[in-house]
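Asker: Sending over a structure as structure tokens; questions will come in a sec.
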Amino acid sequence: MRLGQLAVHPLIDGYAVMEPVDLFADVTPDELRRENLLNADGLLEFPYGGFLVLGPEERIVLIDVGAGPDPDFFPFTAPRHGLLPAALSGHGVAAEDVTDVVLTHLHADHIGWATVKSDVHFSRARHHVHGEDWRHYTQGGTYPAIRAHLAPLTDRMHLWEGPGTELFPWLSLRAAPGHTPGSAVAVLHSGQERLVLVGDVLHTPAELRQPHWHGTDDWDPDKAVAQRQTWRAYCRENDAPLAGPHFPGMHPVHADD
Ligand SMILES: [Zn+2]
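Using the UniProt record's numbering, the letters of the sequence shown correspond one by one to residues 1 to 257.
Okay, here's the thing in structure tokens:
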């Protein structure tokens, strides 16, 4: 989609298949079925990936980078995986052309292509993540696989702190702790137009109607609910569409939908 001078393209890296309880802690299958979230086998199936933003001054930004080439890194990877590089080259972009990688948070399905076999995959890019997530996932021994995966980025990661930062006049990052301690939302601007990339503040557009659903993986479930309500209100007030890497087709939706 276009947003003034920005072009925004979803890059689907693969599809996850999981039991409902792996995503939603307290939602019955009937409620999920009413929102059309279950496939014929009673499972959740949704994409993961990142957004490509082609900005002014030849800025090429990725917002999240899927689960990567190793099907064992993200436990819910289905047969279709590792698709992000082909999706990127479909837009005429090679890995070394990427100028900035924004990680909304450090779960496996958002950081997969950040490194491949201990090499930084987007070799010339600046990488950005909130410091709270970096410290939570890479310090201490709780998340050894994520820590090892991100280790090659240690000296070159730009950690931002506090409630928000403006990476470019057309791209703000806002702290949205709840799903993880340093979860972030990326807001793209062009004039009065905005597009809100919510990361995993919402996994499905259904959560616009059901913001109180608790996510199994939410670090602080109550804060996660509050973030969904905050960003739903923001999108309504600003008439801004929102999109996340797990939305159907990664397509934007309106908060009033
Ligand atoms: Zn995710």
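The beta carbon of each residue, even a glycine, is placed where N, CA and C say it ideally should be.
Assuming the contact rule is C-beta atoms closer than 8 Å, VAL101 and PHE122 should be a hit. Round their C-beta distance to whole Å, please.
Answerer: That pair is a contact at about 5 Å.
Asker: Take ALA206 as the anchor and find which of HIS110, VAL185, PRO248 has the nearest alpha-carbon.
Answerer: PRO248
Asker: Give me the Cβ distance between VAL65 and ILE111, rounded to the nearest whole Å; I'm assuming they're in contact under 8 Å.
Answerer: The C-beta distance from VAL65 to ILE111 rounds to 6 Å, short enough to meet the 8 Å contact threshold.
Asker: Thinking C-alpha only, which one of TRP231, ASP97, VAL198 is nearest MET250?
Answerer: VAL198
Asker: Taking the runs of the beta strand (DSSP E) that are 3 residues or longer, which of them lie wholly in the stretch 118-162?
Answerer: 126-130, 157-160
Asker: Quick check: the Cα distance between ALA67 and VAL27, rounded to an integer number of angstroms?
Answerer: 26 Å
Asker: Which residue marks the beginning of the beta strand (DSSP E) containing LEU52, and which one marks its end?
Answerer: Taken as a continuous stretch (DSSP letters only), the beta strand (DSSP E) holding LEU52 covers 44-54.
Asker: Is it the case that the stretch 90-110 contacts the stretch 124-135, given that we only count it when at least three CB pairs across the two stretches are under 8 Å?
Answerer: yes
Asker: Can you check whether the CB of LEU84 is closer than 7 Å to the CB of ASP13?
Answerer: yes
Asker: Would the beta-carbon of VAL17 fall within 7 Å of that of ALA78?
Answerer: yes
Asker: Does at least one heavy atom of ligand 1 sit under 6 Å from the Cβ of ASP256?
Answerer: no
Asker: May I have a chain-ordered list of the alpha helix (DSSP H) segments no shorter than 4 residues that lie completely inside the stretch 168-209?
Answerer: 206-209
Asker: Does the stretch 131-150 touch the stretch 177-184, meaning 3 or more C-beta pairs lie closer than 8 Å?
Answerer: yes
Asker: Report the residue from TRP213, PHE24, LEU150, GLU58 whose alpha carbon sits nearest the alpha carbon of LYS117.
Answerer: Closest in alpha carbon position to LYS117, among TRP213, PHE24, LEU150, GLU58, is LEU150.
Asker: Does DSSP put GLU57 in a helix, in a strand, or in coil?
Answerer: helix
Asker: So, are the CB atoms of LYS220 and GLY191 less than 7 Å apart?
Answerer: Sequence check: residue 220 is Asp here, not Lys. No. Outside cutoff.
Asker: May I ask you to report which of helix, strand or coil DSSP gives PRO85?
Answerer: In the structure shown, the three-state DSSP call for PRO85 is helix.
Asker: Which residue wins for smallest C-alpha separation from LEU52, given the options THR154, LEU103, GLY42?
Answerer: The candidate whose alpha carbon is nearest that of LEU52 is LEU103.
Asker: Following the continuous alpha helix (DSSP H) through HIS110, name the residue where it begins and the one where it ends.
Answerer: Under the DSSP assignment, HIS110 falls in the alpha helix (DSSP H) whose first and last residues are 108-111.
Asker: In terms of DSSP beta bridges, what is PRO10 paired with?
Answerer: PHE51
Asker: Nearest to ASP155 by CA position, among LEU171, THR138, HIS107, is which residue?
Answerer: THR138
Asker: Would you kindly check if the distance between the Cβ of PHE74 and the Cβ of ASP30 is under 7 Å?
Answerer: no
Asker: In the DSSP assignment, what residue or residues form a beta bridge with LEU166?
Answerer: According to the sequence provided, residue 166 is Glu. The question's Leu does not apply to it. SER172, per the DSSP bridge assignment.
Asker: In the DSSP assignment, what are the bridge partners of GLY249?
Answerer: GLY249 pairs with nothing; no bridge assigned.
Asker: May I ask you to report which of helix, strand or coil DSSP gives VAL225?
Answerer: helix
Asker: Comparing alpha-carbon positions, which option in HIS91, TRP170, TYR15, ARG174 lies nearest PRO163?
Answerer: The option with the nearest alpha carbon to PRO163 is ARG174.
Asker: Taking a cut-off of 7 Å, which residues have a beta-carbon closer than that to any heavy atom of ligand 1, in chain order?
Answerer: Checking every Cβ against the heavy atoms of ligand 1 under 7 Å gives TYR48, HIS107, ASP109, HIS110, ASP200, HIS203, PRO245, HIS246.
Asker: For GLY112, would you say it is in contact with chain D, using Cβ-to-Cβ distances shorter than 7 Å as the test?
Answerer: The structure shown contains no chain D; it holds only a single protein chain.
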